[in-house]
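**Q**
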Amino acid sequence: MKILITGAAGRLGRAAHQALAADHAVVGLDRLPSTTTDLLADLADPAADALLRRALEGVDAVIHGAALHAPHVGLWPDRAFERINVAATARLAALAQQAGVRRFVFASTTALYGHAATPEGRAGWVDEDLEPQPRTIYHRSKRAAEALLREAAAAGLAVTVLRIARCFAEPAPLMAAYRLHRGIDASDVAQAMVLALQGEVPPWRLFVVSGATPFLPTDAEALWHDAPAVLAQRAPALLQAFAQRGWPLPPRIDRIYSAARAQQGLGWQPRHGFDEVLRQLDAGAPEVLAPG
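First residue of the sequence shown: 12, per our numbering; consecutive thereafter.
1. How many angstroms separate the CA atom of Asp-237 from the CA atom of Arg-193?
2. Helix, strand or coil for Thr-46, going by three-state DSSP, please let me know.
3. Taking all protein chains shown into account, decide if Ala-243 is buried (16 or more other Cβ within 10 angstroms of its Cβ) or exposed.
4. Tell me where the beta strand (DSSP E) around His-75 begins and ends.
5. Does Ala-17 come out as helix, strand or coil in the three-state DSSP assignment?
6. Just to confirm my understanding: we take Pro-145, look at its own chain, exclude 5 residues before and 5 after, and list those with CB closer than 6 Å. What are they?
7. When you measure from the CB of Arg-133 to every non-hydrogen atom of the ligand PLP, does any distance come out below 6 Å?
8. So what does DSSP say about Val-299, is it helix, strand or coil?
9. Closest to Ala-110 by C-alpha separation, out of Val-70, Ala-55, Pro-281, would be which residue?
10. Run through the region 123 to 198 for me and flag every whole alpha helix (DSSP H) of 4 or more residues, listed as ranges in chain order.
11. Can you pull the DSSP bridge partners for Asp-87?
12. Name, in chain order, the residues that DSSP records as bridge partners for Trp-215.
13. Out of Val-220, His-283, Val-137, Leu-289, which one is the CA nearest neighbour of Asp-265?
14. Going by CA-CA distance only, name the one from Ser-269, Gly-24, Phe-253 that's closest to Phe-117.
15. For Leu-160 and Gly-39, what's the separation of their Cα atoms in angstroms?
16. Arg-114 by DSSP, collapsed to three states: which one?
17. Am I right that His-35 and Ile-16 are in contact with their C-beta atoms under 8 Å? What's the rounded C-beta distance?
18. Indicate the three-state DSSP secondary structure (helix, strand or coil) for Gly-39 in the structure shown.
19. Per DSSP, what are the beta-bridge partners of Leu-51 in this structure?
20. Take Leu-63 as the anchor and find which of Ala-104, Ala-81, Leu-31 has the nearest alpha-carbon.
21. Using only alpha-carbon positions, find the residue among Asp-53, Gly-132, Leu-217 that is nearest to Ala-79.
22. Just verifying my parser: in three-state terms, what is the DSSP assignment at Ile-95?
23. What residues match up with Val-220 in a beta bridge as DSSP calls it?
24. Among all the DSSP beta bridges, which residues are the ones paired with Arg-266?
25. Around the C-beta of Arg-114, are 16 or more other C-beta atoms found within 10 angstroms, so that it is buried, or is it exposed?
26. With a cut-off of 8 Å on the beta carbons, I'd call Ile-148 and Asp-56 a contact; round off their distance for me.
27. Is there a C-beta anywhere in chain D that falls below 7 Å from the one on Ala-231?
28. Quick check: Leu-67 and Ala-107, are their CB atoms within less than 7 Å of each other?
Shown next, in the form of structure tokens:
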């Protein structure tokens, strides 16, 4: 296949490019130069439409990851989120349909669940059935982009939305614990994107993409009140690893993202859990920050 990846210079864009380039013709597009950027363009600039039309010629699938993210909230005006995350997504989808693109994978976020993810007195169980309650312009813009892509799906574009869990560099103890309930490795996201392009694809699919969790919905109240006790039962290897490194356990876990539907629907399995975070820390990988 010929695949266009937007946001190719970002963490997920680079991972997707690397996962696909050996077997497919991959074109990376970003406004920033990088080893995975083939075309320099700002999707939010209508003047880039001519370049986009040329880039979409012969393309079978688009992976759309270009966006403003949570750290940009407060630094960029709300209208920038609307222009980049919403309007540019609508324009890209329309141009893709005009070019005959068959498949469109959208990198959304679990952050858009907002208040719904953290009910009082128990950990929230977050899956595709939970109705989002966005808090910030970032959440609202991603939600709006999903809605317009659903309209594109109704018009014939096969859209797969991946609501992606926490996936950025942060201190190792946080990252390791998060892999049990609200975090994921970029390479696991990339593999979900690869699988989203394979086989028969329905007009519309939406999946939560997060690390494999050992927790059950029945753990929700105990995780809120005494997370170490639940961890001792569900993840004893993490307890041992934290004890060896002198790291404190999280006293409370406030949400669990369930990727069960993505695992079933895509035939996908997240492979990089907390042990991979520790391995990367010991290897000095820049993706994992030392404990602060």
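Note that CB positions come from ideal geometry on N, CA and C, so glycine has one too. Source: prediction; values computed, not measured.
**A** Here's the rundown:
1. For this step, residue 237 is matched to residue 226 along the sequence shown. For this step, residue 193 is matched to residue 182 along the sequence shown. Looking at the two C-alpha atoms, the distance is approximately 18 Å.
2. Here residue 46 refers to the residue found at position 35 of the sequence shown. If DSSP states are grouped into helix, strand and coil, Thr-46 belongs with coil.
3. In the sequence shown, counting from the first residue as 1, residue 243 sits at position 232. It is exposed - the Cβ of Ala-243 has fewer than 16 other Cβ atoms within 10 Å.
4. The residue labelled residue 75 in the question sits at position 64 within the sequence shown. According to the DSSP assignment, His-75 belongs to the beta strand (DSSP E) that extends over 72 to 75.
5. Counting from 1 along the sequence shown, the entry for residue 17 is found at position 6. For clarity, residue 17 is Thr in the given sequence; the question names Ala instead. In this structure, Thr-17 counts as strand in the three-state DSSP scheme.
6. Within the sequence shown, residue 145 is the residue found at index 134, counting from 1. Only residues of its own chain outside the window of five on either side were considered, and among them Leu-123, Gly-125, Arg-151, Arg-154 have a CB closer than 6 Å to the CB of Pro-145, listed in chain order.
7. With respect to small molecules bound, the structure shown includes none, and the ligand PLP cannot be examined in it.
8. The residue labelled residue 299 in the question sits at position 288 within the sequence shown. Reduced to three states, the DSSP call for Val-299 is strand.
9. On the sequence shown, position 99 is the one that residue 110 refers to. Ranking Val-70, Ala-55, Pro-281 by Cα distance to Ala-110 puts Val-70 first.
10. 148 to 165, 183 to 189
11. Taking the sequence shown and counting its residues from 1, the one referred to as residue 87 is at position 76. The residue you asked about is not Asp; residue 87 is Trp in the sequence shown. Per DSSP, the beta-bridge partners of Trp-87 are Val-84.
12. Indexing the sequence shown from 1 puts residue 215 at position 204. Paired residue(s): Val-170.
13. To locate residue 265, count along the sequence shown from 1; it is residue 254. Comparing Cα positions, the closest option is Val-137.
14. Numbered from its first residue, the sequence shown carries residue 117 at position 106. Ranking Ser-269, Gly-24, Phe-253 by Cα distance to Phe-117 puts Gly-24 first.
15. Numbered from its first residue, the sequence shown carries residue 160 at position 149. Numbered from its first residue, the sequence shown carries residue 39 at position 28. So the two alpha carbons sit approximately 21 Å from each other.
16. On the sequence shown, position 103 is the one that residue 114 refers to. Arg-114: strand per DSSP, three-state reduction.
17. Working through the sequence shown from its first residue, we reach residue 35 at position 24. Working through the sequence shown from its first residue, we reach residue 16 at position 5. Not confirmed; about 10 Å, so no contact.
18. On the sequence shown, position 28 is the one that residue 39 refers to. Residue state, collapsed to three classes: strand.
19. The residue you call residue 51 lines up with position 40 of the sequence shown. DSSP output for Leu-51 lists Asp-41 as bridge partner(s).
20. On the sequence shown, position 52 is the one that residue 63 refers to. The shortest C-alpha separation from Leu-63 is found at Ala-104.
21. Translated into positions along the sequence shown, residue 79 becomes position 68. It should be pointed out that residue 79 corresponds to Leu in this sequence rather than to Ala. Checking every option, the nearest Cα to that of Leu-79 belongs to Asp-53.
22. Start at 1 with the first residue of the sequence shown, and residue 95 comes out as number 84. If DSSP states are grouped into helix, strand and coil, Ile-95 belongs with the helices.
23. Position 209 of the sequence shown holds residue 220. Beta-bridge pairing links Val-220 to Ile-175.
24. Taking the first residue of the sequence shown as 1, we reach residue 266 at position 255. Gly-135.
25. Within the sequence shown, the letter at position 103 stands for residue 114. Result: buried.
26. Locating residue 148 in the sequence shown gives position 137, where the first residue counts as 1. Locating residue 56 in the sequence shown gives position 45, where the first residue counts as 1. 20 Å between Cβ atoms; not a contact.
27. Absent from the structure: chain D. Only one protein chain is present.
28. Counted from its first residue, the sequence shown places residue 67 at position 56. Counted from its first residue, the sequence shown places residue 107 at position 96. Contact flag set, yes.
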